[in-house]
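Undergrad: Taking our numbering, the leading residue of the sequence shown gets 203, the next gets one more, and so forth. We put the beta carbon where it would ideally sit given N, CA and C, even for glycine.
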Amino acid sequence: MSHIKLLTTGGTIASKRDPETGLQQTGLISGEELAEKLNLHENINISVEEIIKVSSSAITFENLITIKDAVLNALEDDDVDGIVITHGTDTLEETSYFLSQVIPAGKAVIVTGSQRGPELIGTDAYANLQDSITLAADADAAKIGVSVLFNSKIFMPRFVKKMSAMNVDGFGGGGTGYLGLVDGHDVKIYQHPAHSNTYNVEGQLPEVDIIKCALGTDAKFIDCAIDHKVAGLVIETMGRGHANDLVAAGVKRAVDAGIKVVITSASDEGDVKVAYDFSGGISKFEKDGAVNGGSYDSKKARLKLAVMIAAGEEVTAEDFKY
């Protein structure tokens, strides 16, 4: 018999329709109510714990620590074989990636949600939850550690991304694809993450912001971040890590002010890499003390940077290699 702990945080998967406005209100359906509708394998039983009850667009760094602590507490229970976390889809990719950085491998931790509320026609809430619990109870899933389950597919948090704001097939893994599938009561894992590293984070996460570059961007937001004494900055540049001279000068000012700066690209594929010789390129950023963010997208790089600062780790380009 497998015991799966269901941790709930709100989101669309726990939403109900307001009869007056017709709009969805998140966090109104309990984990117990959701679980009652499932057709789980007879060898699986679950227990439910509500952690928070919010729309995922409202989740904060403080909430991430609360979720992390709840997961770690559940993992310490020898009777718990795996964990499923229900979560809103807007920031699901961020929470799952954060957890992958702070939860050691050993038991399966699955993050899931739904694009359509449980009361809506064609809801994916029950299918995603049932598949996630099935996955968490599978022995091979423990080897993956933290993963995301959506529309029968198992994703690695490092690469998973919300690809659609409305389609039930809402998440993808980009060029890396998915790790496996859940097909009814059968779990098929085709590949495992090649690299994993976790950090010990005590206390709260530091303030780390993202600044996006586009045609004609200047450094006013970088200077604002300097004035606010943020701990870290992720500068989302163009192409291979390119921006204009104003941004380049702002990055140097930020580094000189003691801010950890990571350079990412807005492109979905391809690493930040030295390719051109001009003053707004990654070679200039690296010379001035910024860190090459490799193929990381800005949201994941932000969380990686925040975790590393909180853990007291030196931040280098090697940390953003995988």
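Could you say which of K309, L209, L230, G212 lies nearest to R219 if we only look at CA atoms?
TA: Numbered from its first residue, the sequence shown carries residue 219 at position 17. Ranking K309, L209, L230, G212 by Cα distance to R219 puts L230 first.
Undergrad: Are there 16 or more other CB atoms within 10 angstroms of the CB of C426, so buried, or fewer, so exposed?
TA: Residue 426 sits at position 224 when you count from the first residue of the sequence shown. With fewer than 16 other Cβ atoms within 10 Å, it is exposed.
Undergrad: So L240 packs on Q332, CB below 8 Å; how close in whole Å?
TA: Here residue 240 is taken as the residue at index 38 of the sequence shown, counted from 1. Here residue 332 is taken as the residue at index 130 of the sequence shown, counted from 1. Rounded, the Cβ-Cβ distance is 5 Å, consistent with contact.
Undergrad: Starting from the C-beta of E321, find all residues in its chain whose C-beta is less than 7 Å away, skip the five residues before and the five after it, and write them out in chain order.
TA: Here residue 321 is taken as the residue at index 119 of the sequence shown, counted from 1. Hits under 7 Å: K218, R219.
Undergrad: Does DSSP put L383 in a helix, a strand or coil?
TA: Sequence index remark: in the sequence shown, residue 383 carries index 181 (1-based). In this structure, L383 counts as strand in the three-state DSSP scheme.
Undergrad: How should T223 be labelled, buried or exposed, when 16 other C-beta atoms within 10 angstroms of its C-beta is the threshold for buried?
TA: For this step, residue 223 is matched to residue 21 along the sequence shown. So T223 ends up on the exposed side.
Undergrad: Anyone know if the C-beta pair for I461 and H394 falls short of 8 Å?
TA: Against the sequence shown, residue 461 aligns to sequence position 259. Against the sequence shown, residue 394 aligns to sequence position 192. Going by C-beta atoms, I461 is not nearer than 8 Å to H394.
Undergrad: Is the stretch 373-383 touching the stretch 475-488, taking contact as three or more C-beta pairs under 8 Å?
TA: No: fewer than three Cβ pairs fall under 8 Å.
Undergrad: Exposed or buried, which one is M368 when buried takes at least 16 other CB atoms within 10 Å?
TA: If you number the sequence shown from 1, residue 368 lands on position 166. Exposed, by the Cβ-count rule.
Undergrad: Measuring CB atoms only, is the stretch 300-317 touching the stretch 239-253, in the sense that at least three cross pairs come out at less than 8 Å?
TA: Segments in contact, no.
Undergrad: For G291, which option in G472, I428, G483, A216 has the closest C-alpha, if you only look at C-alpha atoms?
TA: One-based indexing of the sequence shown puts residue 291 at position 89. Looking at the sequence provided, one finds Thr at residue 291 rather than Gly. With distances taken between Cα atoms, T291 lies closest to A216.
Undergrad: When we look at the beta-carbon of S257 and count the other beta-carbons within 10 Å, is it buried (16 or more) or exposed?
TA: One-based indexing of the sequence shown puts residue 257 at position 55. Buried, because 16 or more other Cβ atoms sit within 10 Å of the Cβ of S257.
Undergrad: Can you give the beta carbon distance from L236 to A327, rounded, assuming they're within the 8 Å contact cut?
TA: One-based indexing of the sequence shown puts residue 236 at position 34. One-based indexing of the sequence shown puts residue 327 at position 125. Yes, they are in contact, since the Cβ atoms of L236 and A327 sit about 7 Å apart, within 8 Å.
Undergrad: Which ranges would you report for the alpha helix (DSSP H) in the stretch 247-301 if only whole runs of at least 4 residues count?
TA: Complete alpha helix (DSSP H) runs here, min 4: 263-277.
Undergrad: Where does L266 land, buried or exposed, given buried means 16+ other C-beta within 10 angstroms?
TA: Sequence index remark: in the sequence shown, residue 266 carries index 64 (1-based). Buried, because 16 or more other Cβ atoms sit within 10 Å of the Cβ of L266.
Undergrad: So the candidates are F300, D340, V250; which of them puts its Cα closest to the Cα of I391?
TA: Mapped onto the sequence shown, residue 391 falls at position 189. Minimum Cα distance to I391 is reached at D340.
Undergrad: Give the DSSP bridge partners of A310, in chain order.
TA: The residue you call residue 310 lines up with position 108 of the sequence shown. DSSP, once it has assigned bridges, lists G284 as partnering A310.
Undergrad: Does F480 come out as helix, strand or coil in the three-state DSSP assignment?
TA: By 1-based counting over the sequence shown, the position of residue 480 is 278. Coil at F480, not helix or strand.
Undergrad: In the DSSP assignment, the beta strand (DSSP E) including F423 goes from what residue to what residue?
TA: Sequence index remark: in the sequence shown, residue 423 carries index 221 (1-based). Taken as a continuous stretch (DSSP letters only), F423 belongs to no beta strand (DSSP E), being part of the alpha helix (DSSP H) at 422-429.
Undergrad: Thinking C-beta only, is G315 closer than 8 Å to T288?
TA: As a first step, residue 288 is located in the sequence shown; it is residue number 86 there, counting from the start. As a first step, residue 315 is located in the sequence shown; it is residue number 113 there, counting from the start. Yes, these two residues count as a Cβ contact at 8 Å.
Undergrad: Please confirm if the stretch 471-481 is in contact with the stretch 438-448, defined as three or more CB-CB distances below 8 Å between the two stretches.
TA: Yes, the stretch 471-481 is in contact with the stretch 438-448.
Undergrad: What's the gap between the Cα of S398 and the Cα of E278?
TA: Numbered from its first residue, the sequence shown carries residue 398 at position 196. Numbered from its first residue, the sequence shown carries residue 278 at position 76. Roughly 21 Å between the two C-alpha positions.
Undergrad: Compute the Euclidean distance between the alpha carbons of A396 and L351, then round it to the nearest angstrom.
TA: The residue you call residue 396 lines up with position 194 of the sequence shown. The residue you call residue 351 lines up with position 149 of the sequence shown. Looking at the two C-alpha atoms, the distance is approximately 19 Å.
Undergrad: Just to confirm the assignment, what range does the beta strand (DSSP E) spanning E536 have?
TA: This structure cannot settle anything about residue 536, because the visible part of the chain is limited to 203 through 524.
Undergrad: For the candidate residues E296, E244, N245, whose alpha-carbon lies nearest to that of I269?
TA: Numbered from 1 along the sequence shown, position 67 holds the residue referred to as residue 269. Closest option to I269, Cα to Cα, is E296.
Undergrad: One question on the structure: do L301 and V250 come within less than 8 Å of each other, judged by their Cβ atoms?
TA: Working through the sequence shown from its first residue, we reach residue 301 at position 99. Working through the sequence shown from its first residue, we reach residue 250 at position 48. No. Outside cutoff.
Undergrad: Can you list, in chain order, the residues of its chain whose CB lies under 7 Å from that of A456, leaving out five sequence neighbours each side?
TA: Residue numbering aside, residue 456 sits at position 254 when the sequence shown is read from its first letter. If we look at A456 and ignore the five residues flanking it on each side, its Cβ neighbours are I424, A427, I428, L435, V463.
Undergrad: Hey, how far is the Cα of E252 from the Cα of H430?
TA: In the sequence shown, the residue the question calls residue 252 occupies position 50. In the sequence shown, the residue the question calls residue 430 occupies position 228. Those two C-alpha atoms are separated by around 35 Å.
Undergrad: Which of the three DSSP states, helix, strand or coil, is assigned to D371?
TA: The residue given as residue 371 occupies position 169 in the sequence shown. Coil, per DSSP.
Undergrad: Below 8 Å on the Cβ atoms is my contact criterion, and I expect A433 with E471 to pass it. Report the Cβ-Cβ distance as a whole number of Å.
TA: Within the sequence shown, numbered from 1, the residue matching residue 433 stands at position 231. Within the sequence shown, numbered from 1, the residue matching residue 471 stands at position 269. Between E471 and A433 the Cβ distance is about 29 Å, and since that is not below 8 Å, they are no contact.
Undergrad: How is L507 classed by DSSP in three states: helix, strand or coil?
TA: Locating residue 507 in the sequence shown gives position 305, counting from the first residue. Correct three-state label for L507: helix.
Undergrad: Which residue from R360, A416, A513 puts its Cα closest to that of L407?
TA: The sequence position of residue 407 within the sequence shown is 205, counting from 1. Looking at the Cα atoms, A513 is the closest of the given residues.
Undergrad: Among the candidates D283, Q227, L294, L507, whose CA atom is the shortest distance from the CA of V403?
TA: What you label residue 403 is simply residue 201 of the sequence shown in a count that begins at 1. If we check each option's Cα against that of V403, L507 comes out closest.
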